[in-house]
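In the working numbering, the protein residues as written are -17 to 187. All C-beta atoms, glycine included, are put in the ideal place defined by N, C-alpha and C.
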Ligand code: VGL
Ligand code: ZN
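Quick look at the structure:
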């Protein structure tokens, strides 16, 4: 069997996406302690962890005022674009920035780049990642788009059900998004069922 290597992608856990923010995801803050536990497990197993962030210019066709769907959020350099203060982002974490192009919605982390300007998919290939575990915000937008793109890249993808929440602009959007991700080939897991591939040390829980 070919060697496999897991990695964690934490999607857009930023102040504007939690209650009190500009585009709050209901219960968005609840994913933070759960993600912190996933982050610890991946790091203890010697596996990579990536953090995507939504990072828009003030003027973008993503915002209502310029023809898009959303109120202004995650504007570059503002407190709303910071990671949630309780999210345990390691000092050496790889941050994937997306949404900086004023012509793009960029819901997917695969439209993002590392600080060196490398596309996320290339970075994953270089890191030898074959299995991507995805949690964060929001289930029906950036988690959905990132998961579907990861599957298109040929990765095995697992959505972390206890570490995602959705916007649900229409009731049921998140459930429909999860069904779509499963249909496209995504697996699902929780802290209780997680078994990591390619861990340097066996995970004990
Ligand atoms: C997102 C709506 C607008 C997300 C980003 O991170 O899911 N949703 N921009
Ligand atoms: Zn956005």
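Apart from the 5 residues on each side of it in sequence, residue 167 sits with its Cβ closer than 6 Å to the Cβ of 133 in its chain, given in chain order. Between residue 178 and residue 27, the C-beta spacing is below 7 Å. In the structure shown, residue 43 adopts coil according to DSSP, grouped into three states.
Judged by the Cβ position, residue 11 fails to qualify as a neighbour of the ligand VGL at the 6 Å threshold, every heavy atom of the ligand being at least this far.
For residue 129, the enclosing alpha helix (DSSP H) has its first and last residue at 126 to 134. Runs of the beta strand (DSSP E) spanning 3 or more residues and lying entirely within the segment -13 to 15 occur at -12 to -7, in chain order.
Its Cα nearest to that of residue 52, the residue 43 stands out among 11, 43, -3.
According to DSSP, residue pairing for residue 114 in a beta bridge involves -11, 139. For residue 22, the three-state secondary structure derived from DSSP is helix.
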